[in-house]
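Just so you know, we're using this note's numbering here: the sequence shown kicks off at 66 and counts up by one.
Even glycine gets a Cβ: it sits at the ideal position worked out from N, Cα and C.
Only one structure is covered here, and it is reproduced in the block below.
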Amino acid sequence: MIKVIFKRITELPEFRLFVDYWYVWFFIVALLIGLDVILERKLK
């Protein structure tokens, strides 16, 4: 599923724009992982 989405993103003409803002995507991913870890700890 993720591979299919990633393949579509890399095929977009706007992909260069995404590459330029890789640090923004890194921050978003880190934030989502952090939230996931926090939620798992609260549920336990």
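Across the structure, LEU97 and TYR86 are spaced so that their CA atoms are roughly 17 Å apart. In the DSSP assignment, TYR88 falls within the alpha helix (DSSP H) that extends over 87–108.
Per DSSP, GLU79 is not a residue of any alpha helix (DSSP H), being assigned neither H nor E.
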